[in-house]
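Asks:
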Amino acid sequence: MELDEKILKEVTGILTTFVPQGQQLSEETDMIADLGLDSLKVMKIVETVEDSFDISIPLNILPEVRTVGDFVLQIQKITGEG
Amino acid sequence: MTIFDKFQPLAEARQQIEQSAGSFLNVVMEEIISGTEAIINGRPTILAGSNNYLGLSSNPDCIDAACQAAREEGTGTTGSRMANGTFSGHVALEKELAEYFGRQGAIVFSTGYIANLAMLSTLVGPGEVILLDADCHASIYDGCRLGSAEIIRFRHNDAADLEKRLRRLESRNTNVLVVAEGLYSMLGDRAPLADIVALKQKYGAYLMVDEAHSLGVLGDNGRGLAEEAGVEEGVDFVVGTFSKSLGAIGGFCVSNHSELDLVRYASRPYIFTASSSPSIIASTRRALQILRSKPELRHRLWDNANKLYRTLQDLGFTLGPEVSPIVAARFENMEEALAFWSGLLERGVYVNMVLPPATPDGSCLLRCSVSAAHTEEQMDRICEAFTAVCKAVKTV
């Protein structure tokens, strides 16, 4: 599946509020290794994204999310289902 | 590279904690004096972090019942409920629990953790959804993980957020189980259960409430938050534990759905573990009788809860949002929390210290739980210790 640039832009915008200023973000950015996000922050990000896209993100999909691109693809799948 | 390399961050965290509060990770109850007092580090210490809400772990009648059962039936069942591990006591306890809760059926599990594991991993299957409060206990999360349902969180105690998620699921036309707790274990706050019941009815969902910390604590008859909120009919499944108000160990689920009994044949955590020993079943049955017949225990518990909550509030602590037998003081800084915890222990008071990520919002908690068995003098000593440590470390 190809990445939806609009969703990528919105997700990146949300992530910037959770990471140190100046942190570079791309679809290849590893959310744990590169951004050092802990589980509490991850859940806050998930909640913010859920509100932003009016979706519910199942916890089951989180183990499959490593990069920002993976996250965007999962959001695309959910919004597509909706 | 070894198999243990992944634990290195834990080793570093442990070292850091041990430098600040040496004994925090190695607390040993060297001698049990009573349900509210033990020797720790060679010193008599009041236990203000035990979840022993009604003080029944040391009730003489419960102890007698346990001893008699051990003498008559042995120290263990040595088998699963599905094989040789169902004794007459297990069956009797299930009947007594069903009758107490006014429900058709009950299942007794070996621990409260297993009760959640068993129910959540079995009841909700592929294509179905569990909607759980974000602050639910780890056993609820683990039960979800063991099963194959879709797992979605809603914001803690936020009925509006729950409704948003129920609405999003409407078009899926699938079974949804909402999960909440009677009293949340970290901050002692209640779920907005009447609102949740109204939503589950509006959207045709099922509801499970874990009354682990509210059994014996809330409701005129001690049946928990569902009783207190007057919505027992709207709760499909009540799960709970014997390891808090009932002073032993074990878990249960009660329900008016007659199909509950079928869970026994499908639930791996029920089938593949040994059943509770006869002594545990016997003491739990006795404790349940006491819980039902002595509401004064609950009243004493709430007097103690009010006293500690008000004292810590006056000292300036940030506490949970409402009075309950769980009184948790928040600390933003781990060093301060560790120093405070050590200061209390040095003054002969043990409380739980909970560090992130086990806390709801990433802060550190000094989590106290009071008991009906705490005497007035013990309550005074707990409050005095907090006051003294406040003065000593000037953190508040």
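Residue numbers (my numbering), protein chains in the order written: chain A, 440 to 521; chain B, 47 to 442. Just so you know, even glycine gets a beta-carbon here, dropped at the ideal spot from N, CA and C.
#1: Can you grab the Cα-Cα spacing for the pair E465 of chain B / M47 of chain B, in whole Å?
#2: Can you list the residues of chain B that I494 of chain A reaches, using a CB-CB cut of under 8 Å?
#3: At the level of alpha carbons, what is the spacing between P497 of chain A and I197 of chain B?
#4: Name the chain A residues that come within less than 8 Å of E196 of chain B, Cβ to Cβ?
#5: How is N72 of chain B classed by DSSP in three states: helix, strand or coil?
#6: Decide if C113 of chain B is buried, meaning its Cβ has at least 16 other Cβ atoms within 10 Å, or exposed.
#7: Within its chain, find whatever has a CB closer than 7 Å to the CB of G508 of chain A; leave out the 5 residues flanking it on each side and keep chain order.
#8: Going by other Cβ atoms of all chains shown within 10 Å of its Cβ, with 16 needed for buried, is T124 of chain B buried or exposed?
#9: If we cut at 9 Å on Cβ distances, does D473 of chain A have a partner in chain B?
#10: Using the rule of at least 16 other Cβ atoms within 10 Å of the residue's Cβ for burial, across every protein chain shown, is K248 of chain B buried or exposed?
#11: Taking 9 Å as the cut-off, decide whether the C-beta atoms of Q416 of chain B and L365 of chain B are in contact.
#12: Can you tell me whether R60 of chain B is buried or exposed, with buried defined as 16 or more other CB within 10 angstroms of its CB?
#13: One question on the structure: do S325 of chain B and A115 of chain B come within less than 9 Å of each other, judged by their Cβ atoms?
#14: Under 9 Å, do I295 of chain B and T157 of chain B count as touching if we go by C-beta distance?
#15: Is DSSP giving G521 of chain A helix, strand or coil here?
#16: Starting from G193 of chain B, find everything on chain A with Cβ-Cβ shorter than 8 Å and list it in chain order.
#17: According to DSSP, is C410 of chain B part of a helix, a strand, or is it coil?
#18: Assuming R344 of chain B and G262 of chain B form a contact by the criterion Cβ under 8 Å, report the distance between their Cβ atoms to the nearest whole angstrom.
#19: Which residues, in chain order, does the stretch 474-487 of chain A contribute to contact with chain B at a C-beta distance below 9 Å?
#20: In this structure, does DSSP put S134 of chain B in helix, strand or coil?
#21: Roughly how many angstroms lie between the CA atoms of V442 of chain B and D349 of chain B, to the nearest whole one?
#22: N302 of chain B: which of B:I317, B:F283 and B:T220 sits nearest, CA to CA?
#23: Which residues does DSSP list as the beta-bridge partners of T91 of chain B?
Replies: On the basis of the supplied data:
#1: Beyond the ends of chain B as shown, which are 47 and 442, falls residue 465 of chain B; an answer cannot be given.
#2: The residue labelled residue 494 of chain A in the question sits at position 55 within the first sequence. Ordered by position in chain B, the residues that pass the 8 Å Cβ test against I494 of chain A are R214.
#3: Translated into the one-based positions of the first sequence, residue 497 of chain A becomes position 58. Translated into the one-based positions of the second sequence, residue 197 of chain B becomes position 151. Using only the alpha carbons, I get a separation of about 5 Å.
#4: In the second sequence, the residue the question calls residue 196 of chain B occupies position 150. Chain A residues near E196 of chain B: P497 and N499.
#5: By one-based count along the second sequence, residue 72 of chain B stands at place 26. Helix, per DSSP.
#6: The residue you call residue 113 of chain B lines up with position 67 of the second sequence. Answer is exposed; the Cβ neighbour count stays below 16.
#7: Taking the first residue of the first sequence as 1, we reach residue 508 of chain A at position 69. Hits under 7 Å: L442, E466 and E467.
#8: Walking along the second sequence from the start, residue 124 of chain B turns up at place 78. So T124 of chain B counts as exposed.
#9: Within the first sequence, residue 473 of chain A is the residue found at index 34, counting from 1. Answer no: the Cβ-Cβ gap between D473 of chain A and chain B never drops below 9 Å.
#10: Residue 248 of chain B sits at position 202 when you count from the first residue of the second sequence. Result: exposed.
#11: Looking up residue 416 of chain B in the second sequence gives position 370. Looking up residue 365 of chain B in the second sequence gives position 319. Checking the displayed sequence, the identity of residue 416 of chain B turns out to be Val instead of Gln. The answer is no: Cβ separation not under 9 Å.
#12: Translated into positions along the second sequence, residue 60 of chain B becomes position 14. R60 of chain B is exposed by the Cβ-count criterion.
#13: By one-based count along the second sequence, residue 325 of chain B stands at place 279. By one-based count along the second sequence, residue 115 of chain B stands at place 69. Contact flag set, yes.
#14: Mapped onto the second sequence, residue 295 of chain B falls at position 249. Mapped onto the second sequence, residue 157 of chain B falls at position 111. Yes; because the gap between Cβ atoms is below 9 Å, this pair is in contact.
#15: For this step, residue 521 of chain A is matched to residue 82 along the first sequence. With a pLDDT of 45 at G521 of chain A, under the threshold of 50, the modelled position of that residue is not reliable, and the figure given next carries that caveat. Residue state, collapsed to three classes: coil.
#16: Residue 193 of chain B sits at position 147 when you count from the first residue of the second sequence. Neighbours of G193 of chain B on chain A: none; closest Cβ ~10 Å, over 8 Å.
#17: The sequence position of residue 410 of chain B within the second sequence is 364, counting from 1. C410 of chain B falls in the strand class under three-state DSSP.
#18: Here residue 344 of chain B corresponds to residue number 298 of the second sequence, with the count starting at 1. Here residue 262 of chain B corresponds to residue number 216 of the second sequence, with the count starting at 1. About 7 Å separates the two Cβ atoms, so the contact holds.
#19: D477, S478, L479, K480, M482, V485 and E486
#20: Counted from its first residue, the second sequence places residue 134 of chain B at position 88. Three-state result, S134 of chain B: helix.
#21: The residue labelled residue 442 of chain B in the question sits at position 396 within the second sequence. The residue labelled residue 349 of chain B in the question sits at position 303 within the second sequence. For V442 of chain B, the pLDDT reaches just 46, beneath the cut-off of 50, and the residue's location in the model is therefore unreliable, leaving the point undetermined.
#22: On the second sequence, position 256 is the one that residue 302 of chain B refers to. Among B:I317, B:F283 and B:T220, the Cα nearest to that of N302 of chain B belongs to B:F283.
#23: In the second sequence, residue 91 of chain B corresponds to position 45, counting from 1. Beta-bridge pairing links T91 of chain B to B:A84.
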